[in-house]
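Heads up: the sequence shown begins at 1 in full-length UniProt numbering, then just goes up one per residue. Ideal Cβ positions, reconstructed from N, Cα and C, are used throughout, including at glycine. None of these values were measured; they are calculated from a predicted model. Below: the structure, in structure tokens.
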Amino acid sequence: MVTEKVKKTPTKKRSATKKQKNLVIVESPSKAKTIEKYLGTNYKVVASIGHIRDLPKSQMGVDTEHDYDPKYINIRGKGDIIKGLKKEAKAAKHVYLASDPDREGESIAWHLAHILDLDISSDENRVVFNEITKDKVKDAFTRPRKINMDLVDAQQARRILDRLVGYSISPLLWKKIKKGLSAGRVQSVALGLIIDRENEIQAFQPEEYWEIPTEFKKARKKFKAGFFGLNGKKVAKIPDNATVQQIMRRIDQNADFNVDDVVKSEGKNNPSPAFTTSTLQQAANTQLNFQTRRTMSTAQQLYEGINLGGKEGTVGLITYMRTDSTRISSIAKNDAAHFIHTEYGSEYAATKPVQGKLPEGAQDAHEAVRPTSVFRTPASIKDKLTNDQFKLYQLIWSRFVASQMTPEIIDRVRVTISQNGVMFRANGATTKFAGYTKAYPAAKAKDNVLPEMAVGDTVTLATINPEQKFTQPKPRYTEAALVKALEEAGVGRPSTYAATIETIKARGYVRLDAKKFIPTEIGKMVQDAVRAYFPDVADLKFTAKIEGELDNVETGTENWVKVVDEFYQPFQVELGKAEIEMEKMVVKDKLAGENCEICGAPMLERLGRYGKFFACSRFPDCRNTKTIVKEIGLLCPKCHQGQIIERKTKRGRTFYGCSRYPDCDFTSWDKPNENTLADGTTPKAGNADQTAKKTAVAKKSTSRKRSTKKAVAKK
1 MVTEKVKKTP
11 TKKRSATKKQ
21 KNLVIVESPS
31 KAKTIEKYLG
41 TNYKVVASIG
51 HIRDLPKSQM
61 GVDTEHDYDP
71 KYINIRGKGD
81 IIKGLKKEAK
91 AAKHVYLASD
101 PDREGESIAW
111 HLAHILDLDI
121 SSDENRVVFN
131 EITKDKVKDA
141 FTRPRKINMD
151 LVDAQQARRI
161 LDRLVGYSIS
171 PLLWKKIKKG
181 LSAGRVQSVA
191 LGLIIDRENE
201 IQAFQPEEYW
211 EIPTEFKKAR
221 KKFKAGFFGL
231 NGKKVAKIPD
241 NATVQQIMRR
251 IDQNADFNVD
261 DVVKSEGKNN
271 PSPAFTTSTL
281 QQAANTQLNF
291 QTRRTMSTAQ
301 QLYEGINLGG
311 KEGTVGLITY
321 MRTDSTRISS
331 IAKNDAAHFI
341 HTEYGSEYAA
351 TKPVQGKLPE
361 GAQDAHEAVR
371 PTSVFRTPAS
381 IKDKLTNDQF
391 KLYQLIWSRF
401 VASQMTPEII
411 DRVRVTISQN
421 GVMFRANGAT
431 TKFAGYTKAY
441 PAAKAKDNVL
451 PEMAVGDTVT
461 LATINPEQKF
471 TQPKPRYTEA
481 ALVKALEEAG
491 VGRPSTYAAT
501 IETIKARGYV
511 RLDAKKFIPT
521 EIGKMVQDAV
531 RAYFPDVADL
541 KFTAKIEGEL
551 DNVETGTENW
561 VKVVDEFYQP
571 FQVELGKAEI
581 EMEKMVVKDK
591 LAGENCEICG
601 APMLERLGRY
611 GKFFACSRFP
621 DCRNTKTIVK
631 EIGLLCPKCH
641 QGQIIERKTK
651 RGRTFYGCSR
661 YPDCDFTSWD
671 KPNENTLADG
681 TTPKAGNADQ
691 TAKKTAVAKK
701 STSRKRSTKK
711 AVAKK
């Protein structure tokens, strides 16, 4: 069979080459997709995936003899990305650098310009925006600018200072104490705060004092009061039991008490301003139990864009999350006012919204952290967000809306009650007008309703129970408290807190117990060495002064080389002295009191990154190790056989579990007690009966299910 050939119709040759596009380089792929959608077909948006150049890891990388000239190299593993960026830039009509709008983002743009051979002195190719929404992104591309070398120099100075400190002190610590240790400007100050607080706690001498809590009854309604004073005068403190007994002897518990004074007043609780980075980290830690790193990671996702589907598609939900400002744009204020009027009523919209006070040294470069659209309520997009994203977005949205609302109005009443010269005082409060708490319930004041009373009325005593108390030291730092302390001291900047906290945890310098920092032995040794030989590095005020000078570099009023040199010259002298004078500190290994089950040699108690552990004394010939089991003296509430023991995650976080694991899988983040249930929860005292009922119902339900299964099996 012969197949007939079909002649192809000749096609016209393309007369024009493929149209060139503008190239936009951002930091993350998710942001790239969002921005490309907004800019349209004439733009191609690609991601550098963070930094592409940095100082080498294997050496100092700073020429201290020639104006601290940094030796930047391409980051290992970024070769293909750099090759791709060069190819795209060569084919592009114009290249725009749209990395994040801060010092680090400016530095990334500068490194990209160097790699792509862009003219830094004349090219206006830097584009910045505080929120990833269509209007803001398109507007930013109408106003490109040159790379701001003051911002670049400020970031470069910080990086070089940190490298000089870290790569000078760390080898010394390895030689004198233990391998794998490090020290840094901000981390040494943060560790110092934690250690100083621990020393205060250990040195604290508690003082005895007493309270006399009482409960009175008026028209069948009980209310609480506390001892206030004697014979018309306030008593600041009851020092001992003898004084309590003198007071108690004056009280006739069967006689009526007189209402001497009733003071009614109206008070206001003003809303807090919208979040800065620091206050967001603090609120997320206390209200959501988010660690700082988790907060910043989730905020980055919300900023870069979430796919909401439909016409909106992918959109950035919050403004830039690294800021020290509480400033709000006029457009955002107007939108919020419209939303509040519509959703809550005109009486809830503030005519002059609260304005936060900028901390000393604040740059005020960006707005506060707020939703990009107030009309995009958390509830309306909940199904598009992960659990973490929803919780954090709800927190940011609620705080912003609340900041534009009127104060909460409280009706307060103060009642003074007495008998035989012994005075008691009761304070009541009820919300008269919810104000901003309508949008931000977490800030709502608790109601304490007192029965209606007037001067001359009498009340009866229901209970009176004197209690011995002791003064308490300041609490250990939580992540939220540490961030607040660093910010108040002017140490570090919003973008550095998460990294600083992660570093001291990763090095094993601190551990978390009940969400509070406790310094480890190795952390104390490192800090003692740094304080003894490098006092400026560990000094809070000196580090804050350096931060101020870096801010001056950013504004162009200070030369970065001068700032670095003024720090390094005396530091170099201290380093030489420490090399000679610092004695070797031996981290002694204790006998564990048991033998290795593999080779029979004695086991030693050693100190590692995540705390103490048992290891064979024949290491490295025998590498057997064991976790130190710390029992808390409580039977497992689930199996009632094993002991509850303290354990550690790979990241060093403490949790509690059954010693019979994996036969029993009971775990709890909170330290269990005798009331802890099998699911790890602990009922509140007032809910004990209800919990018992639920447990009984659950047992009956389980019993019925078993009976049903047996009946089915028999059939």
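Would you call the region 505-519 and the region 108-128 touching, i.e. three or more CB-CB distances under 8 Å? no
Give the C-beta separation of residue 188 and residue 413 to the nearest angstrom, bearing in mind that I take them to be a contact with Cβ-Cβ under 8 Å. Contact flag wrong, Cβ pair sits at about 51 Å.
Helix, strand or coil for residue 110? Go by DSSP, reduced to three states. helix
Between the Cα of residue 92 and the Cα atoms of 59, 149 and 24, which residue gives the shortest distance? 24
Option nearest residue 320 by Cα separation, candidates 241, 494, 470 and 489: 494
By alpha-carbon positions, which one of 370, 287, 56 and 343 ends up nearest to residue 132? 370
Where does the unbroken alpha helix (DSSP H) through residue 638 begin, and where does it stop? Neither: residue 638 is in no alpha helix (DSSP H) and is coded neither H nor E.
Please confirm if the region 447-461 is in contact with the region 292-304, defined as three or more CB-CB distances below 8 Å between the two stretches. no
For a test of the three-state rule: what should DSSP assign to residue 691, helix, strand or coil? Confidence at residue 691 is low in this model, with a pLDDT of 41, below 50, so its placement is unreliable and the value that follows should be read with caution. In this structure, residue 691 counts as helix in the three-state DSSP scheme.
Note down the Cα distance separating residue 376 from residue 426, rounded to an integer number of angstroms. 44 Å
At which residue ranges does the region 243-275 contain complete alpha helix (DSSP H) runs of 4 or more residues, listed in the order of the chain? none
Residue 384 beta carbon less than 9 Å from that of residue 308: yes
Report the option in 477, 213 and 283 whose CA atom is closest to the CA atom of residue 468. 213
Looking only at its own chain, which residues have a Cβ that is under 8 Å from the Cβ of residue 156, when we skip the five neighbours before and after it? 70, 107 and 560
Nearest residue (CA-CA) to residue 355, options 275, 454 and 675: 275
Let me know the beta strand (DSSP E) ranges lying completely inside the region 329-412, each 3 residues or longer, listed in chain order. none
For residue 161, is the classification buried or exposed, using 16 other Cβ atoms within 10 angstroms of its Cβ as the cut-off for buried? buried
Of the residues 416, 105, 77 and 194, the one placed nearest residue 229, counting alpha carbons only: 416
Residue environment, residue 219, which counts as buried when at least 16 other CB atoms sit within 10 Å: exposed
Excluding the 5 residues flanking residue 174 on each side, which residues of the same chain have their C-beta closer than 8 Å to its C-beta? 180 and 181
What does the alpha-carbon distance come out to for the pair residue 693 and residue 664? Note that residue 693 scores 43 on pLDDT, short of 50, meaning its location in the model is unreliable; the coordinates nonetheless yield the value given after this. Roughly 25 Å separates the two Cα atoms.
Thinking C-beta only, is residue 210 closer than 9 Å to residue 238? yes
May I ask you to list the residues that DSSP assigns as paired with residue 490? BP columns for residue 490 are empty, so no partner.
Length-filtered (3 minimum) beta strand (DSSP E) runs lying within the region 487-537: 510-513 and 516-519
State the DSSP-derived secondary structure class of residue 20, mapped to helix, strand or coil. coil
Do you know offhand how far residue 58's Cα is from residue 538's? 25 Å
Rounded straight-line distance, which links the Cα of residue 532 to that of residue 691: Reliability fails at residue 691, whose pLDDT of 41 lies under 50, so the model's placement of it is uncertain and no value is given.
Secondary structure at residue 464, three-state DSSP: helix, strand or coil? strand
For chain C, check one thing: does any of its Cβ atoms lie closer than 9 Å to the Cβ of residue 102? This model lacks chain C altogether; it includes just one protein chain.
I'd like the list of long-range same chain contacts for residue 519, defined as Cβ closer than 6 Å, with 5 residues on each side in sequence excluded. 194, 195, 198 and 510
Can you find the residues in the same chain that come closer than 7 Å, C-beta to C-beta, to residue 353, ignoring five residues on each side of it along the sequence? 333, 403 and 404
Pick helix, strand or coil for residue 220, following the three-state DSSP scheme. coil
Relative to the C-alpha of residue 401, which residue among 255, 339 and 448 is closest? 339
Quick one: residues in its chain with C-beta nearer than 7 Å to the C-beta of residue 653, no 5 flanking neighbours on either side, listed in chain order? 512
Just to confirm the assignment, what range does the beta strand (DSSP E) spanning residue 647 have? 643-648
Cutting at 7 Å between CB atoms, please list the residues of its own chain near residue 435, excluding the five before and the five after it. 348, 405, 406, 407, 408 and 409
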